[in-house]
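Just so we're aligned: the sequence shown equals residues 4 to 484 in the numbering used here. Glycine residues also receive a C-beta, built at the ideal position from the N, C-alpha and C atoms.
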Amino acid sequence: MSHLNSSSLVCKSFDELYSTIQRESIEYLNYSFCDTFGSLHHITVSASTFKSGTDLQKGIAFDSSSVRGMQYGEFSDMVIVPDFERVWVDPFFSRKTLHVACFVLFHTGEPSPGCVRSISKRAQEVLSGSGIADKCFIGPEIEFFVFESVSYNNSPNHSSFSLDGDEAYWNSGNSTVFHPHGRPNLASRRPLKQAYCAPYPVDRDLSLRGEILKELEGIGVPVEKHHHEVATCQHEIGVHCSTLVNSADVVESTRYLIKGIAHRNSKTATFMPKPLGNDNGSGMHINISLWKDEKNIFFDTESSYYNLSNQALYFIGGILSHTKAIMAFTNPTTNSYKRLVSGYETPTKLSYGAGDRNSAIRIPLSGFSCSKTQRIEFRIPDSSACPHLAFSAILCAGIDGILHKIHPATYLNTSKSQNNESFLPRSLSEALQFLEEDYDFLIKDGVFSHEFILNYIKLKRDEVSIVESFPTPKEFELYYE
């Protein structure tokens with residue numbers, strides 16, 4: 004399907020969006036919204052329904068009680084209203100359909116506490132209103148797995164999962180490969196944890212990633228790089244940095260396209276952080292910088308520490324001081340904490356350092372000498388996160404660090420002297436406890452609401468209870484006899 008030129012995707016009003024629909028012969032609008040857990044939902048509407056930009060502005064009603072975590076207050080009737088600045092032609096529809104990112108509002112027109120796009124929009128507004136900076140730029144590195152066969156089952160007396168892929172190292176000894184149609188085994192596989200930047204034909208999905216890039220560029224998302232990752236069947240796509248709300252939208256769009264393109268190629272993609280035992284998991288490293296008057300305020304040539312300004316160091320200090328709480332958003336699944344263990348190039352302690360990939364926050368050595376590329380990299384988050392919530396929580400923590408001048412070295416030394424554990428939470432349950440004890444920095448400027456935080460903690464604790472109530476095959480292996 005042909006795409007709108009990326010320049011025409013930027014609309015400045017509902018009237019302009021309506022004109023675009025008419026000019027490009029759009030047949031349907033795919034109203035998309037993101038729930039509390041980062042999952043997309045959509046309602047498809049005939050373009051003929053709309054007779055003007057005013058009609059578009061009214062939005063579409065939906066039942067929030069049918070979407071987990073979305074209902075707030077007595078009434079379940081809510082409205083999704085398009086954001087005219089974020090639209091693109093959806094490549095998976097047979098008819099020309101415009102994908103439209105939406106805000107979730109009460110019937111009164113007020114944003115729902117559970118509207119994650121409203122949360123990230125408020126975070127961006129708080130930053131610009133603080134005088135610290137005008138914009139927060141975020142560049143995510145999105146890691147994911149692609150498999151050719153996945154099955155799983157959970158019942159009171161049976162629990163199992165099975166993953167497979169042609170390039171997987173465990174298929175090296177087979178006389179034929181399971182897919183497609185038992186063709187001869189052609190080898191070309193890397194051993195466990197040795198597939199980083201592997202070339203074709205080891206990298207079986209090189210063309211698949213190329214297809215993903217073409218679609219991303221078609222919707223106006225420039226990609227910085229892509230390559231095979233360390234684990235078998237694992238990949239990374241790094242998109243260019245953008246402002247906070249735009250970057251969160253890009254993560255959602257990228258995940259949607261990756262899953263859809265894998266599916267139409269008879270494969271399946273997952274952003275689950277740790278689908279494979281004893282192999283690397285998928286993270287979502289987040290590169291961050293703050294800009295004011297078109298200047299990177301993280302860059303200071305007079306600094307004695309890799310050209311990092313005081314504001315940058317305080318921002319790091321703020322993140323480190325609130326990391327355990329914000330991990331409830333950046334690492335929001337029980338599976339997330341199976342990734343954060345020693346031996347897999349993932350952080351396990353609160354720390355920062357130049358070029359150190361085991362640090363929670365890394366200062367990339369490839370960028371510190373130039374103001375355009377100076378940034379910090381937060382390495383804890385993973386791709387299961389809702390990007391709007393994760394990015395907003397990180398920014399709130401960083402702002403708090405700047406306002407209170409929390410130097411990271413001083414913070415870490417003080418924590419050590421007070422015998423505070425520098426280890427990261429070892430489970431989602433621990434992270435939720437830390438969030439419950441430390442969320443004032445999230446609500447003090449109205450970015451998050453008290454109601455949202457408490458509801459989020461409850462919903463996530465319900466998830467933890469479900470997972471903890473089921474035994475695993477590994478437990479039978481260890482304890483049954």
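Alpha-carbon spacing of residue i relative to residue j, whole angstroms
| i | j | result |
| --- | --- | --- |
| E297 | P159 | 58 angstroms |
| A493 | G321 | The question about residue 493 has no answer here: the residues shown for the chain are numbered 4 through 484. |
| V90 | E220 | 14 angstroms |
| I222 | Y414 | 43 angstroms |
| K138 | L462 | 32 angstroms |
| M4 | K477 | The predicted model places M4 with a pLDDT of 32, which falls under 50 and marks its position as unreliable; any figure quoted below should be read in that light. Cα to Cα, M4 sits roughly 46 angstroms from K477. |
| I300 | F87 | 30 angstroms |
| R360 | T333 | 18 angstroms |
| E471 | E439 | 20 angstroms |
| G132 | S395 | 15 angstroms |
| N338 | S285 | 11 angstroms |
| G1 | R365 | A question about residue 1 goes unanswered here, because the residues of the chain that appear run from 4 up to 484. |
| T257 | G263 | 10 angstroms |
| Y445 | I215 | Rather than Tyr, the amino acid found at residue 445 in this sequence is Leu. The straight-line gap from Cα to Cα measures roughly 35 angstroms. |
| T246 | L293 | 10 angstroms |
| E255 | Y199 | 25 angstroms |
| S362 | S345 | 12 angstroms |
| K270 | P276 | 18 angstroms |
| K352 | E27 | 52 angstroms |
| S483 | G280 | Note that residue 483 corresponds to Tyr in the displayed sequence, not to Ser. Rounded to the nearest angstrom, the two C-alpha atoms are 20 angstroms apart. |
| L209 | E232 | 12 angstroms |
| E128 | K15 | 18 angstroms |
| A393 | S372 | 28 angstroms |
| H243 | E480 | 45 angstroms |
| H410 | T304 | 18 angstroms |
| L1 | F274 | Residue 1 is absent from the structure shown; the chain starts at 4 and stops at 484. |
| H230 | D206 | 9 angstroms |
| P428 | I397 | 16 angstroms |
| G56 | L311 | 46 angstroms |
| V226 | F96 | 23 angstroms |
| V248 | P278 | 29 angstroms |
Endpoints, the beta strand (DSSP E) within which residue i is located
| i | result |
| --- | --- |
| F451 | Segment: none, F451 is in no beta strand (DSSP E) and carries neither H nor E. |
| K477 | No beta strand (DSSP E) holds K477; the alpha helix (DSSP H) holding it covers P476 to Y482. |
| I46 | L43 to S49 |
| F36 | Y31 to C37 |
Endpoints, alpha helix (DSSP H) assigned at residue i
| i | result |
| --- | --- |
| H391 | P390 to L406 |
| T23 | F17 to R26 |
| S432 | L431 to E440 |
| S291 | The sequence shown places Ile at residue 291, rather than the Ser named in the question. Run containing I291: none in the alpha helix (DSSP H); it sits in the beta strand (DSSP E), M287 to K295. |
| F444 | D443 to I446 |
Neighbourhood of residue i by C-beta, 8 angstroms cutoff - its chain only, sequence neighbours within 5 removed
| i | result |
| --- | --- |
| S369 | T376 |
| A388 | G41, M287, F332, T333, N334 and P335 |
| G72 | D38, T39, F40, G117, N458, Y459 and L462 |
| P194 | Y172 |
| K217 | none |
Per DSSP, cross-strand counterpart(s) of residue i
| i | result |
| --- | --- |
| M81 | F65 and F109 |
| K99 | Its beta-bridge partners do not exist; DSSP assigns none. |
| A272 | V149 |
| K298 | K295 |
| P202 | Beta-bridge pairing links P202 to no other residue. |
| A104 | S35 |
| L323 | DSSP, once it has assigned bridges, lists no residue as partnering L323. |
| L311 | F302 |
| F426 | K352 |
| P411 | According to DSSP, which records beta bridges pairwise, P411 is partnered with nothing at all. |
| V70 | According to DSSP, which records beta bridges pairwise, V70 is partnered with nothing at all. |
| V92 | L101 |
Contact set for residue i: own chain, Cβ-Cβ below 7 angstroms, skip 5 residues either direction
| i | result |
| --- | --- |
| H494 | Outside the shown range of the chain, which is 4 to 484, sits residue 494, and nothing can be said about it. |
| L59 | F17, L20, Y21, F53 and P85 |
| L43 | S35, C37, E255 and Y259 |
| D167 | F150, E151, S152 and F181 |
| C236 | F148, V149, F150, G168, E170 and A171 |
Residues near residue i in its chain [Cβ-Cβ closer than 6 angstroms; skip 5 each side]
| i | result |
| --- | --- |
| E348 | R360 |
| N290 | G142, R378 and E380 |
| N156 | S163 |
| I135 | I405 |
| S10 | With a pLDDT of only 32 at S10, under the threshold of 50, the placement of this residue in the model should not be trusted; the figure read from the coordinates follows. Here the set comprises nothing. |
| S430 | Y340 |
| I24 | A50 |
| Q74 | S67 and S68 |
| E454 | P116 |
| H6 | Residue placement at H6 is poorly supported in this model, since its pLDDT is 37, which falls under 50; the coordinates are not used for a value here. |
* Asked: Considering only residues of the region 325-386, which uninterrupted beta strand (DSSP E) runs meet the minimum length of 3 residues and lie entirely inside it, listed in chain order?
  -> 355-357, 364-366 and 379-381
* At 4 residues or longer, and completely inside the region 107-182: list those alpha helix (DSSP H) runs for me, N to C. => 119-133
* Run through the region 214-256 for me and flag every whole beta strand (DSSP E) of 3 or more residues, listed as ranges in chain order. => 226-231 and 237-242
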